[in-house]
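Numbering (mature numbering (1 follows the signal peptide of the UniProt record, and there is no 0)), first residue to last: -24 to -1, 1 to 72.
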């Protein structure tokens, strides 16, 4: 009986660890400068931070900040939370 309980507990711990690893994301700290996450050619693409709704709609109507037009671009995080970025050049966002 004790061995069965131990095995069930071990399986539960392994499953929890695997689920945690599967849900892990890249974590950045406010104030960090993200290295050239946006490696693009100037005058061919750009980067604009937008809300989640604008990101989902590929819309630049309500931007957060200004468009970054010189690539490659470094982004300095100024607030915690999720950040969404799109390219507003031509149909790039809509084309994926």
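All residues carry an ideal CB built from backbone N, CA and C; glycine is no exception.
query	result
Beta bridge counterpart(s) of residue 14 as assigned by DSSP	49
Separation of residue 11 from residue 36, as counted between CA atoms	24 Å
CA-to-CA distance, residue 29 to residue 48, given in whole angstroms	25 Å
Reduced DSSP secondary structure (H/G/I, E/B, other) of residue -3	Low per-residue confidence applies at residue -3: pLDDT is 43, beneath 50, and the placement is therefore not dependable enough to give any value.
Continuous beta strand (DSSP E) stretch holding residue 24: start and end	23 to 26
Exposure of residue -3, with buried meaning 16 or more beta-carbon neighbours within 10 Å	Its pLDDT being 43, under 50, residue -3 is placed unreliably in this model, and the value from its coordinates should be taken loosely. By the neighbour-count rule (16 or more Cβ atoms within 10 Å), residue -3 is not buried but exposed.
Span of the beta strand (DSSP E), counted from its first residue to its last, around residue 42	40 to 44
Distance cut-off 8 Å: residue 67 Cβ against heavy atoms of the ligand ADP	The ligand content of the structure shown is nil, which means the ligand ADP is not present either.
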